[in-house]
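Here the sequence shown stands for residues 1 to 208, numbered as in my numbering.
Idealized CB from N, CA, C, for every residue including glycine.
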Amino acid sequence: GVPLAPLLREAGVRPPSRGGKADQLVARSVDGMTLGTPVEDVMDGRDALLAFGMNGEPLPFTHGFPVRMVVPGLYGYVSACKWIESIELTTFAAYDPYWVKRDWARKGPIKTSARIDTPKPLARPKAGTVTIAGVAWAQHRGIEKVEVRVDDGRWRPADLAAQDTRDTWRQWSIPWRASPGTHTLTVRATDGAGHRQTAKRAGTVPDG
1 GVPLAPLLRE AGVRPPSRGG KADQLVARSV DGMTLGTPVE DVMDGRDALL
51 AFGMNGEPLP FTHGFPVRMV VPGLYGYVSA CKWIESIELT TFAAYDPYWV
101 KRDWARKGPI KTSARIDTPK PLARPKAGTV TIAGVAWAQH RGIEKVEVRV
151 DDGRWRPADL AAQDTRDTWR QWSIPWRASP GTHTLTVRAT DGAGHRQTAK
201 RAGTVPDG
């Protein structure tokens, strides 16, 4: 793909942190979808792209051929417009894209999160040594630590696999000496900025 920030700079665009007055890019798709992306995030050094290929091949139609936007660290509903027809420089105050009109959060930064992939929910592993494992992510901040708790016990640090970049998922695992009975497993992640995954659940609206 083509890096998006240099294209914006060539067009004279500056992020708000450098005196720019526009803070939103509105991408419009041929099917009428509109997605709004923070200018600041696109121009802060992350690998924001206008992508036209995938895995060495032209971008498949279902993934947005001929061109789509990809911005690490943002949820797709504010950053991953497919089949782009136009991109407008504007402000969040002046225009509400499709999902914002439906009360979703305006800027959609990806929250620090971890999940358990094994054992599966309601699984019945045999008593003995069981590996608890999964992935954690905090795009554009990276994962610094993952901790696991069994029932109401203490938090224990998990082993972390290498992380390719701060924008990629990080695998983790921890051995558990499982005893007979029903147990609850809980995981939490801490990102590279020191933010710990919240234990509070939040719905999609307005900012989940």
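query: Pair every Cβ in the stretch 193-202 with every Cβ in the stretch 110-123, then say whether three or more of these pairs are closer than 8 Å.; result: yes
query: Would you kindly work out how many angstroms separate the C-alpha atoms of glycine 53 and proline 157, rounded to a whole number?; result: 39 Å
query: What number of angstroms, rounded off, separates the C-alpha of valine 30 from the C-alpha of leucine 185?; result: 45 Å
query: Starting from the N-terminal side, write out each stretch of the beta strand (DSSP E) that is 3 residues or longer and does not extend beyond the stretch 25-96.; result: 34-38, 49-51, 68-70, 84-90
query: Helix, strand or coil: which one does DSSP assign to lysine 101?; result: helix
query: What's the gap between the Cα of leucine 25 and the Cα of valine 78?; result: 10 Å
query: Could you give the residue range of the beta strand (DSSP E) that holds leucine 185?; result: 185-191
query: Thinking alanine 189 and valine 146 are a contact (beta carbons under 8 Å), I'd like their distance in whole angstroms, please.; result: 5 Å
query: Are the CB atoms of alanine 127 and proline 72 nearer to each other than 7 Å?; result: no
query: Would the beta-carbon of proline 175 fall within 7 Å of that of threonine 131?; result: yes
query: Name, in chain order, the residues that DSSP records as bridge partners for threonine 129.; result: Arg177
query: What are the complete beta strand (DSSP E) segments, minimum 3 residues, inside the stretch 111-163?; result: 113-118, 128-137, 143-150
query: What residue range is occupied by the uninterrupted alpha helix (DSSP H) comprising proline 109?; result: Element bounds for proline 109: n/a, residue is neither H nor E.
query: Kindly indicate which residue of Gly45, Asp103, Arg170 has the alpha-carbon position closest to the one of glycine 209.; result: Here the chain comprises residues numbered 1 to 208, so residue 209 is not present and cannot be evaluated.
query: Quick one: any contact between the stretch 33-44 and the stretch 7-21, if contact means 3 or more CB pairs under 8 Å?; result: yes
query: Could you confirm whether any beta carbon from chain D is found closer than 7 Å to the beta carbon of glycine 73?; result: Absent from the structure is chain D; it holds one protein chain and no more.
query: DSSP three-state label for proline 15, please.; result: coil
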